[in-house]
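A quick write-up on the structure given underneath.
In our numbering, the protein residues as written are 381 to 748.
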């Protein structure tokens, strides 16, 4: 089983019930400040940490005096607009004493299904992480409608883990793992310590109901686990109500771990390699040697560009003799790539009219 203190890049999902008192609608600030100690501890170990947090609607509804029942879409959006400010400020105030800068990143389902938006989200998160920032990710409930929303942050957290290539995803929950039945209703229910494969039998054990202010039940957690495991990311479900839940998990607290099927980088390469190319780029001998050393493909090494493709589309990489060398995701459109092929980076801005991206195909988006 994985160990949280060995994670290189960790996504932690935090539900509304953990952050917001169900009775008063107030922030559980003592719990949040204890969690901040965990985040600081993991950062001190050298891990990248991304938090996927619910709570904006729950906080906003308390301020607006809305009932703790299912809200109409417009009420949820209004509550989110009010609560997002408070949620972001709460995380900033909890993590700042530890010297940690936070950033709010709001996304919708469309941001992961549209490749251009997906790449923009990935690039933003990667830049924040490289600067030592802890991103606080939440669904953009202010604008999201049923057609473009995840609807629960379990699956959102799994998608974020895939997007940033995390090796661990921790779902802080109101239960300490996945059980054969609802442990509050069946005294014979048993907890699984490790799940290597999600079978129809396991799916049949999962219920639908969430608890309190949260929308996600065990079924959504299994859906998240499927996504994470396929992307090479280990996932754990553990009790979040305890003080410093990540430290408790490291010390052997009850949890269910879901084993990854591969490592994140290999899973991403396999995904890219399976895509149908939308075009191709031909490269010179110098670029071939650079790619062989693990470098990204720069515009200077490109001699020809074919087809009409968009940013984020998969391309075939051809050698000087026309033989395919691999494939990758383009960081430029076909029009831009044709305009800058063969140019050094310091000459590209004059052609495009804006500061360019360094690589036409980044090594993380390439499989040879």
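Beta carbons are placed, not taken as given, at the ideal position from N, Cα and C, and that holds for glycine.
Check: May I have a chain-ordered list of the alpha helix (DSSP H) segments no shorter than 4 residues that lie completely inside the segment 575-639?; Outcome: 580-585, 598-610, 625-630
Check: Give the straight-line distance between the Cα atoms of residue 689 and residue 659, rounded to the nearest whole angstrom.; Outcome: 6 angstroms
Check: Can you check the segment 661-708 for any beta strand (DSSP E) of at least 3 residues that lies completely inside it and give the ranges in chain order?; Outcome: 682-686, 694-698
Check: If you reduce the DSSP assignment to three classes, tell me which class residue 548 lands in.; Outcome: strand
Check: Going by C-alpha to C-alpha distance, which of 501, 492, 606, 565 sits closest to residue 583?; Outcome: 606
Check: Taking residue 409 as part of the alpha helix (DSSP H), name the residues at either end of that continuous run.; Outcome: 409-424
Check: Can you tell me where the alpha helix (DSSP H) holding residue 649 begins and where it ends?; Outcome: 644-653
Check: Apply the 10 Å Cβ neighbour rule to residue 694 and answer buried if 16 or more other Cβ atoms are within range, or exposed otherwise.; Outcome: buried
Check: Report the residue ranges of all alpha helix (DSSP H) runs contained in full by the segment 446-478; include only those spanning at least 4 residues, in chain order.; Outcome: 453-475
Check: Flag residue 578 as yes when its Cβ comes closer than 8 angstroms to any non-hydrogen atom of the ligand MG, and as no otherwise.; Outcome: Inclusion of the ligand MG in the displayed structure is not the case, the ligand content being empty and no account of it being possible.
Check: Could you tell me the alpha carbon to alpha carbon distance between residue 683 and residue 739, rounded to whole angstroms?; Outcome: 15 angstroms
Check: State the beta-bridge partners of residue 393 as determined by DSSP.; Outcome: 432, 551
Check: Indicate whether residue 556 and residue 623 have their beta-carbon atoms separated by less than 9 angstroms.; Outcome: no
Check: Quick check: the Cα distance between residue 697 and residue 504, rounded to an integer number of angstroms?; Outcome: 26 angstroms
Check: Starting from residue 486, trace the beta strand (DSSP E) both ways and give me its first and last residue.; Outcome: 482-487
Check: In the DSSP output, which residue or residues are listed as bridge partners for residue 659?; Outcome: 695
Check: Please determine, among 474, 540, 451, the residue with the shortest C-alpha to C-alpha distance to residue 487.; Outcome: 540
Check: With a Cβ-Cβ cutoff of 9 angstroms, do residue 749 and residue 681 count as a contact?; Outcome: As shown, the chain starts at 381 and ends at 748. That puts residue 749 outside it, with no answer to give.
Check: According to the neighbour-count rule (16 or more other Cβ atoms, all chains shown, within 10 Å of its Cβ), is residue 646 buried or exposed?; Outcome: exposed
Check: So what's residue 734 in DSSP terms, helix, strand or just coil?; Outcome: coil
Check: Strictly by DSSP, which residues pair up with residue 517?; Outcome: 432, 485
Check: Can you tell me which residues form a DSSP beta bridge with residue 747?; Outcome: 707
Check: Using only the alpha-carbon positions, how far apart do residue 627 and residue 731 sit?; Outcome: 52 angstroms
Check: Tell me the rounded alpha-carbon separation between residue 533 and residue 518.; Outcome: 8 angstroms
Check: Could you give the DSSP three-state label for residue 712: helix, strand or coil?; Outcome: coil
Check: Pull up the distance between the alpha-carbon of residue 411 and that of residue 708, whole angstroms please.; Outcome: 44 angstroms
Check: Can you give me the C-alpha to C-alpha distance between residue 634 and residue 550, rounded to a whole angstrom?; Outcome: 13 angstroms
Check: Name the DSSP beta bridge partners of residue 752, please?; Outcome: This structure does not reach residue 752, given that the chain is present from 381 up to 748, and the question cannot be answered.
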